[in-house]
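Enquirer: Could you have a look at this structure, given as structure tokens, before my questions?
Structure follows, in structure tokens:
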């Protein structure tokens, strides 16, 4: 019996993977000369073009005037911070120059791909958030104060948080319409693909026609390639789950003695029995850590670790 085109559940593909698959299938189907199928193949091409246009609309920049203004302020705050650090590195006062070096080490880590304010918006927000977390570490924060640069960092922090808030709001407002449009286009494209494939398989099974053999071979090869992508994504997803800090364990944090100053007790973090490194594997954000009562620490995953976990500790007065 002649080989037919394999069945493949297109719904398993992400939206852009689905579009890419159709984009590769169409040139193969375009070689078919069957007069009955040609109109369907042309409809398939039209549907692919509409699907592509819908996804491009999804990606289009939908920035409000406020987002543009906040983006400008982020750039201004970042360059102000960088400029003052550069100047203080050359300061004649040794204490100020050394403080600037501490801050410079942090900034350079996030300049590895160039000016952070020139990155794409989502990447820029993430880079600045990680940078700000590092700048808030007590020793670095003290260095910022020494060189009178803490105000620039606080401005950058405030503007970046506002950008995250506005971006999420804007995404929420536009996603229902655009997603609905692209999903409709996807359904139409998938349907026309299935129509063409079903016709070819029926012709092969009923007539034994061999003219479709090259088409079958090429499309089955494309299907195999997509299956490899799905398999890789599944294994990658499982690996990410294993690196989620939600499931981390931490060493005990002893009761802290009230001093009137913010307290930053250290502790160890473990995941699946492995001790993690602060700074490279995770960052810490302390909250309510000055007054008597219960304080908290948010452990945020970094690099290959994702997710976050909140732990608490107590602050008490001496008897």
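In this note's numbering, the protein residues as written are 68 to 386.
Heads up, the beta-carbon is just placed ideally off N, CA and C, and yes, glycines get one too.
Quantities reported herein were computed from a predicted structural model and do not represent experimental measurements.
#1: Is the segment 346-359 touching the segment 372-384, taking contact as three or more C-beta pairs under 8 Å?
#2: Would you mind reading off the limits of the beta strand (DSSP E) that contains residue 382?
#3: Would you call the CB atoms of residue 214 and residue 173 closer than 8 Å?
#4: For residue 81, which three-state DSSP category applies?
#5: Among residues of its own chain, excluding the 5 on either side of residue 128, which ones have a beta-carbon nearer than 7 Å to its beta-carbon?
#6: Fully enclosed by the segment 112-193, which alpha helix (DSSP H) runs are 4 residues long or longer?
#7: What's the C-alpha gap between residue 348 and residue 178?
#8: In whole angstroms, what separates the C-alpha of residue 369 from that of residue 186?
#9: Can you tell me whether residue 256 is helix, strand or coil according to DSSP?
#10: What is the DSSP secondary structure of residue 343, counted as helix, strand or coil?
#11: Taking the continuous beta strand (DSSP E) assigned at residue 336, which residues delimit it?
#12: Are the CB atoms of residue 76 and residue 263 within a distance shorter than 8 Å?
#13: Pop quiz: residue 455 and residue 289 are said to be a contact at Cβ under 8 Å. What is the actual Cβ separation, rounded to whole angstroms?
#14: For residue 122, tell me which candidate among 329, 250, 343 has the shortest Cα-Cα distance.
#15: Please confirm if residue 346 has its CB atom under 8 Å from at least one CB of chain D.
#16: Just the C-alpha distance for residue 327 and residue 231, rounded to the nearest angstrom, thanks.
#17: Using DSSP with H/G/I as helix, E/B as strand and the rest coil, what is residue 324?
#18: Please state the DSSP three-state secondary structure of residue 71.
#19: Looking at the secondary structure, which residues open and close the alpha helix (DSSP H) in which residue 387 lies?
#20: With DSSP run on the structure shown, which of helix, strand or coil describes residue 244?
#21: DSSP three-state label for residue 66, please.
#22: Check the DSSP bridge columns for residue 232 and list the partner residues they point to.
#23: Applying the 10 Å Cβ sphere with the 16-neighbour rule, what's the burial state of residue 97?
#24: Using DSSP with H/G/I as helix, E/B as strand and the rest coil, what is residue 318?
#25: Between residue 226 and residue 137, is the Cβ-Cβ spacing less than 8 Å?
#26: Looking at the structure shown, is residue 279 part of a helix, part of a strand, or coil, going by DSSP?
#27: Does the beta-carbon of residue 162 have 16 or more other beta-carbons within 10 angstroms, so that it is buried, or is it exposed?
#28: Can you tell me which of the three DSSP states residue 93 falls into?
#29: Any contact between the segment 336-343 and the segment 316-324? By contact I mean 3 or more CB pairs, one from each, below 8 Å.
#30: Can at least three beta-carbon pairs, one atom from the segment 203-220 and one from the segment 148-156, be found at a separation below 8 Å?
Expert: In terms of the structure at hand:
#1: yes
#2: Translated into positions along the chain shown, residue 382 becomes position 315. In this chain, the beta strand (DSSP E) harbouring residue 382 covers 375-383.
#3: For the purposes of this step, residue 214 is taken as residue 147 along the chain shown, with counting starting at 1. For the purposes of this step, residue 173 is taken as residue 106 along the chain shown, with counting starting at 1. Contact flag unset, no.
#4: Position 14 of the chain shown holds residue 81. Coil, per DSSP.
#5: Position 61 of the chain shown holds residue 128. Residue placement at residue 128 cannot be trusted, given a pLDDT of 47 that sits under 50; the coordinates are not used to answer.
#6: 132-155, 161-176
#7: Taking the first residue of the chain shown as 1, we reach residue 348 at position 281. Taking the first residue of the chain shown as 1, we reach residue 178 at position 111. Taking the straight line joining both Cα atoms gives about 19 Å.
#8: As a working note, residue 369 is residue 302 in the chain shown. As a working note, residue 186 is residue 119 in the chain shown. Taking the straight line from one Cα to the other gives about 19 Å.
#9: Here residue 256 corresponds to residue number 189 of the chain shown, with the count starting at 1. Note: residue 256 maps to helix in three-state DSSP.
#10: Residue numbering aside, residue 343 sits at position 276 when the chain shown is read from its first letter. Note: residue 343 maps to coil in three-state DSSP.
#11: Counting from 1 along the chain shown, the entry for residue 336 is found at position 269. Residue range 336-338 is occupied by the beta strand (DSSP E) that includes residue 336.
#12: By 1-based counting over the chain shown, the position of residue 263 is 196. By 1-based counting over the chain shown, the position of residue 76 is 9. Cβ distance not < 8 Å, so residue 263 and residue 76 don't count as in contact.
#13: Nothing can be reported for residue 455: it is not among the residues displayed for the chain, which extend from 68 to 386.
#14: Mapped onto the chain shown, residue 122 falls at position 55. For the residues 329, 250, 343, the minimum Cα distance to residue 122 belongs to 250.
#15: The chain inventory of the structure shown lacks chain D, comprising one protein chain alone.
#16: By one-based count along the chain shown, residue 327 stands at place 260. By one-based count along the chain shown, residue 231 stands at place 164. Approximately 33 Å, taken between the alpha carbons.
#17: The sequence position of residue 324 within the chain shown is 257, counting from 1. Three-state result, residue 324: strand.
#18: As a first step, residue 71 is located in the chain shown; it is residue number 4 there, counting from the start. Coil at residue 71, not helix or strand.
#19: Because the chain spans 68 through 386 in this model, residue 387 falls outside it and cannot be assessed.
#20: Along the chain shown, one-based indexing puts residue 244 at 177. With a pLDDT of 49 at residue 244, under the threshold of 50, the predicted position of this residue should be treated as unreliable, and no value is reported.
#21: Because the chain is modelled from 68 through 386, residue 66 falls outside the range shown and cannot be assessed.
#22: In the chain shown, the residue the question calls residue 232 occupies position 165. The partner list for residue 232 (beta bridge, DSSP) is empty, contrary to what the question assumes.
#23: The sequence position of residue 97 within the chain shown is 30, counting from 1. It is exposed - the Cβ of residue 97 has fewer than 16 other Cβ atoms within 10 Å.
#24: As a working mapping, residue 318 is identified with position 251 in the chain shown. It is coil, neither helix nor strand.
#25: The count along the chain shown starts at 1 and reaches residue 226 at position 159. The count along the chain shown starts at 1 and reaches residue 137 at position 70. Yes, the pair counts as a contact, with Cβ atoms nearer than the cut-off.
#26: Here residue 279 is taken as the residue at index 212 of the chain shown, counted from 1. Coil at residue 279, not helix or strand.
#27: As a first step, residue 162 is located in the chain shown; it is residue number 95 there, counting from the start. Under this definition residue 162 is an exposed residue.
#28: Reading the chain shown from its first residue, position 26 is the one you call residue 93. In this structure, residue 93 counts as helix in the three-state DSSP scheme.
#29: yes
#30: Contact holds: three or more Cβ-Cβ distances are below 8 Å.
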